[in-house]
Amino acid sequence: MEKRNLTCIRCPLGCSLVVTIDGDNIDVTGNTCKRGYDYGVKEVTNPTRVVTTTVPVSDGVDLRVSCKTSGDVPKDKMIDVIKDLTEVSINAPVAIGDVIKANVANTGIDIVATKNVSKKKSNLKATEVPKHEYKKAI
Amino acid sequence: MRECDLVIIGGGPAGLAAAISAFDSGIKDILILERDKELGGILNQCIHNGFGLHTFKEELTGPEYASRFIDKVLERKIEYKLGTMVIDISKDKEVVAINPEEGLFHIKAKAVILAMGCRERSRGALNIPGYRPAGIFSAGTAQRLVNMEGYLPGREVVILGSGDIGLIMARRMTYEGAKVKVVAELMPYSGGLKRNIVQCLDDYDIPLKLSHTVIDIQGKERVTGVTIAEVDNTGKPIKGTEETYSCDTLLLSVGLIPENELSEMAGVELGITSGPIVNESLETNVPGIFACGNVLHVHDLVDYVSEEAGFAGKSAAHFIEDQKKFEDKGIEIQINTGDKVRYTVPKTVHPDIMEDEITVRLRTTNVFKNVYLNCYAGDKRIVHRKRPVIAPGEMENFQLKKEDIKDLKAEEIITVAFEEE
Numbered sequence: 000m001e002k003r004n005l006t007c008i009r010c011p012l013g014c015s016l017v018v019t020i021d022g023d024n025i026d027v028t029g030n031t032c033k034r035g036y037d038y039g040v041k042e043v044t045n046p047t048r049v050v051t052t053t054v055p056v057s058d059g060v061d062l063r064v065s066c067k068t069s070g071d072v073p074k075d076k077m078i079d080v081i082k083d084l085t086e087v088s089i090n091a092p093v094a095i096g097d098v099i100k101a102n103v104a105n106t107g108i109d110i111v112a113t114k115n116v117s118k119k120k121s122n123l124k125a126t127e128v129p130k131h132e133y134k135k136a137i
Numbered sequence: 000m001r002e003c004d005l006v007i008i009g010g011g012p013a014g015l016a017a018a019i020s021a022f023d024s025g026i027k028d029i030l031i032l033e034r035d036k037e038l039g040g041i042l043n044q045c046i047h048n049g050f051g052l053h054t055f056k057e058e059l060t061g062p063e064y065a066s067r068f069i070d071k072v073l074e075r076k077i078e079y080k081l082g083t084m085v086i087d088i089s090k091d092k093e094v095v096a097i098n099p100e101e102g103l104f105h106i107k108a109k110a111v112i113l114a115m116g117c118r119e120r121s122r123g124a125l126n127i128p129g130y131r132p133a134g135i136f137s138a139g140t141a142q143r144l145v146n147m148e149g150y151l152p153g154r155e156v157v158i159l160g161s162g163d164i165g166l167i168m169a170r171r172m173t174y175e176g177a178k179v180k181v182v183a184e185l186m187p188y189s190g191g192l193k194r195n196i197v198q199c200l201d202d203y204d205i206p207l208k209l210s211h212t213v214i215d216i217q218g219k220e221r222v223t224g225v226t227i228a229e230v231d232n233t234g235k236p237i238k239g240t241e242e243t244y245s246c247d248t249l250l251l252s253v254g255l256i257p258e259n260e261l262s263e264m265a266g267v268e269l270g271i272t273s274g275p276i277v278n279e280s281l282e283t284n285v286p287g288i289f290a291c292g293n294v295l296h297v298h299d300l301v302d303y304v305s306e307e308a309g310f311a312g313k314s315a316a317h318f319i320e321d322q323k324k325f326e327d328k329g330i331e332i333q334i335n336t337g338d339k340v341r342y343t344v345p346k347t348v349h350p351d352i353m354e355d356e357i358t359v360r361l362r363t364t365n366v367f368k369n370v371y372l373n374c375y376a377g378d379k380r381i382v383h384r385k386r387p388v389i390a391p392g393e394m395e396n397f398q399l400k401k402e403d404i405k406d407l408k409a410e411e412i413i414t415v416a417f418e419e420e
């Protein structure tokens, strides 16, 4: 029999839960509502999280684009998800929802962009103007 | 000089929501002034999820939440200027701003909405002894470096303060390969949201030490270590409880302060929140200057910022359309902070001109269990609600109804308190 102390995060109340695991029997105490019970059971049977991070962008107005898993991934896979993105980068333009890496860390879940990053405008014009004026001044 | 119906200072969540709501209330001549290179404000660096649970019933990341509002501003073709810094606002609502294209320019507005947000409390405000080595960052600076610039500020980290940004950065730095050794919090409770403590610290076995503070920072060129100690109930370090952690980085997440230098230039009076004192319309003491979002008081959820700013936008629209109504507001009733209440927003109400119902937001002074939120109009109790747990980190609110207070006399007051029954 195993006992685990958890803090429910379903609402700001933050009930202190004690979850008792005895084989297939799971019991939750300390909760004040059904949602707290469900949270307690899920946290000890199949805890999941959404992972958010960033990857570098080439040629964009920003240096990095923020991204997230398109759904919940198992809690013990979170670090694998991050590691699987070490070498990943993307070219601008990027739009919210664009898939940056499909099936990240073999979770069946994709990494999708959470920000729009447009392509960097060519800055040719901006440099031409001052040069011209500089010559004129001499 | 350019004239404009409504000038909004700041293009973050508050400014965007205020602009959309003012537009939808009938004011089309709106100008948003934003100092950054893009709209969205601080949401752009808040890449974690959990935004919008109240507004959109789904968990969005900061940039996604911002884009929902930016899209609405673009759809309505509301004018905005980026890279534009407002340097002065006068009492008669003349705004002075600068940007590289136009230089210095003046705008005369019929109404102004202050939506400048807040900034982080810095090391200087804390009186931590020691040298000034590199490696000490505010949590928000670290957040910007990691999420937007792509730099990792350090490899071994101690965090002082358990505000939400500090908690979020504990997880973020862990993801990027840093080792977060401890989070020390001066108060006996955390100032952050419960879900952040669970998902950012507990998930990664990062210890949170309550009633602890930093008493020494080691290192001359770069931080090499930090000593923390337990504090007694007066906040003084207790001898013999010192622990030293070797680290190269110290992050400070020790509170946010509304950024009101511009408000003060305009003669706006500030209150206990360090933000403007406002009435039921979120109007400051200067007629036609409104305030909303973190410049007014620091919020814990952006959903509440959007809601509050939407109301400020509507109020400003009413002001522009019918200034007369705002000139003669009728009697003014004070909202008094009773037991266990640190502040309320608004601070005053004019029953004659108020909407049928307004939202009053408030924070408590400490952690309390099994109390009732009570609001009294004169001697009569008009709100009575059980609150199983209240904490300074979680904002409370209730609806104040016009019909409950319309018969109050000028000398009577409204009192809000948390009480045993």
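Protein chains in written order, with numbering that gives the first Met the number 0: chain A, 0 to 137; chain B, 0 to 420.
No residue lacks a Cβ here, since even glycine has one placed at the ideal position from N, Cα and C.
Helix, strand or coil: how does DSSP classify residue i here?
i	result
B:Met147	helix
A:Lys67	strand
B:Gly102	strand
B:Lys180	strand
A:Glu132	Per-residue confidence for A:Glu132 stands at a pLDDT of 46, beneath the threshold of 50, marking its modelled position as unreliable; no derived number is given.
A:Glu127	Confidence at A:Glu127 is low in this model, with a pLDDT of 47, below 50, so its placement is unreliable and the value that follows should be read with caution. In this structure, A:Glu127 counts as helix in the three-state DSSP scheme.
B:Cys246	coil
B:Ile97	strand
A:Lys114	coil
B:Asn259	coil
A:Ala104	helix
B:Ile413	strand
B:Glu395	strand
B:Cys199	helix
Checking contacts by CB at 8 Å: is residue i closer than that to chain A?
i	result
B:Tyr303	no
B:Arg194	yes
B:Glu155	no
B:Ser24	no
B:Pro286	no
B:Leu15	no
B:Thr60	yes
B:Ser66	yes
B:His298	no
B:His105	no
Which residue wins for smallest C-alpha separation from residue i, given the options the options?
i	options	result
B:Ala141	B:Pro128, B:Gly11 and B:Thr248	B:Thr248
B:Glu393	B:Glu418, B:Phe68, B:Thr364 and B:Glu258	B:Thr364
B:Thr292	B:Asn126, B:Gly266 and B:Asn259	The sequence given here has Gly at residue 292 of chain B, not Thr. Among B:Asn126, B:Gly266 and B:Asn259, the Cα nearest to that of B:Gly292 is on B:Asn259.
B:Asn126	B:Glu119, B:Ile112 and B:Ile214	B:Ile214
A:Gly29	A:Gly22, A:Gly13, A:Thr44 and A:Lys41	A:Gly13
B:Ala16	B:Val370, B:Asp355, B:Ala315 and B:Arg131	B:Ala315
B:Met84	B:Gly129, B:Tyr188, B:Lys238 and B:Glu37	B:Glu37
B:Val340	B:Val267, B:Ala13, B:Ala416 and B:Arg194	B:Ala416
B:Leu300	B:Asp406, B:Asp4, B:Glu58 and B:His383	B:Glu58
B:Glu78	B:Lys178, B:Ala13, B:Ile29 and B:Ile319	B:Ile29
B:Glu242	B:Thr233, B:Gln217 and B:Leu261	B:Gln217
B:Leu103	B:Arg67, B:Arg1 and B:Ile46	B:Arg1
A:Val111	A:Ala104, A:Asp97 and A:Lys119	A:Asp97
For residue i, decide whether its Cβ has a neighbour in chain B, counting only Cβ atoms nearer than 8 Å.
i	result
A:Thr19	no
A:Lys130	Because A:Lys130 carries a pLDDT of 45, less than 50, the predicted location of this residue cannot be relied on, and the following value inherits that uncertainty. It does not; no Cβ of chain B falls within 8 Å.
A:Val49	yes
A:Thr6	yes
A:Thr126	Confidence at A:Thr126 is low in this model, with a pLDDT of 45, below 50, so the placement of that residue should be treated as unreliable; the coordinate-derived value is given next. So no, A:Thr126 is outside the interface.
A:Lys119	no
A:Ile89	no
A:Lys74	yes
A:Lys114	yes
A:Leu139	Examination of residue 139 of chain A is not possible in this model, given that chain A is present from 0 through 137 alone.
A:Gly13	yes
A:Ser57	no
A:Asn45	no
DSSP beta-bridge partners for residue i?
i	result
B:Met168	None; B:Met168 has no bridge partner.
B:Ala108	B:Cys3
B:Ser137	B:Leu251
B:Gly224	B:Gln217 and B:Ser245
B:Arg362	B:Tyr342
B:Arg122	Looking at the DSSP assignment, B:Arg122 forms no beta bridge with any residue, so it has no partner.
A:Arg3	A:Val18
B:Ile368	Looking at the sequence shown, residue 368 of chain B is not Ile but Lys. Per DSSP, B:Val388.
B:Gln333	B:Thr347
B:Asn232	According to DSSP, B:Asn232 bridges with nothing at all.
Q) Which runs of the alpha helix (DSSP H) spanning at least 4 residues fall entirely within the region 279–331 of chain B, listed in chain order? A) For secondary structure counted as the alpha helix (DSSP H) over 4 or more consecutive residues, the region 279–331 of chain B holds these complete runs in sequence order: 301–320 and 322–326.
**Q.** Whole runs of the beta strand (DSSP E) within the region 14–93 of chain A, excluding any shorter than 3 residues
**A.** You should have 15–21, 24–28, 51–57 and 63–68.
Q | Complete alpha helix (DSSP H) runs within the region 4–87 of chain B (minimum length 4 residues, chain order) | A | As far as the region 4–87 of chain B is concerned, its whole alpha helix (DSSP H) runs of at least 4 residues are 12–23 and 61–74.
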